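Before any comments, here is the structure.
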Amino acid sequence: MSALPCAALAQTPSTNPSGDTPFNAMAIARDEADACRAPKASADLAETAYLRNGYRAILRILIAEEALASETCTCLLDQFTWDQALDALPRFQTSDNPRLPFKVLDLYAQADALEAQVVEACAE
């Protein structure tokens with residue numbers, strides 16, 4: 163794999179403490195590496211943070227698997243949707259309990275391991 167940057171333009175927020183600057187505009191901008199990270203799922207996706215975190219981990223897994231399969235080092239985040247993470251649930255489901263259908267910590271570990279493989283492959 164060739165090492166291609168995961169590039170995205172991040173708007174630099176204002177650090178000018180003028181009275182006209184909204185508080186959220188003074189936040190620290192995401193760096194390039196964060197620009198390609200799966201965002202937090204919105205509350206509309208699932209009613210609990212546990213489920214939303216699980217779907218985010220599934221999305222990370224799907225993206226990393228595709229990067230490894232296609233041998234690409236570019237950011238694939240824009241090619242995936244939350245619906246794909248929801249559709250992939252049966253593959254990751256470990257329980258019939260609708261409130262705890264998977265083990266989030268196991269999904270995190272799997273996503274971290276796959277992302278590490280992508281980083282390693284792209285460094286070669």
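Numbered according to the numbering used here, the sequence shown spans residues 163 to 286.
From the three backbone atoms N, C-alpha and C, an ideal C-beta is built for every residue, glycine too.
Bear in mind the structure is a predicted one, so any value in this text is a computation, not a measurement.
Endpoints, alpha helix (DSSP H) assigned at residue i
| i | result |
| --- | --- |
| ASN215 | 211-232 |
| GLU286 | Careful: GLU286 lies outside any alpha helix (DSSP H) and carries neither H nor E. |
| GLN246 | 244-249 |
Presumed contact (8 Å Cβ cut-off) between residue i and residue j, rounded CB distance
| i | j | result |
| --- | --- | --- |
| CYS235 | CYS284 | 4 Å |
| LEU207 | TRP244 | 6 Å |
Query raised in the report: Does the pairing of the stretch 247-256 with the stretch 215-231 give three or more beta-carbon distances under 8 Å?
Result: Flag = yes, the stretch 247-256 and the stretch 215-231 touch.
Query raised in the report: Should the stretch 266-284 be called in touch with the stretch 222-233, which here means at least 3 C-beta pairs below 8 Å?
Result: yes
**Report entry** beta strand (DSSP E) segments (min. 3 residues) lying fully within the stretch 260-286
**Finding:** none
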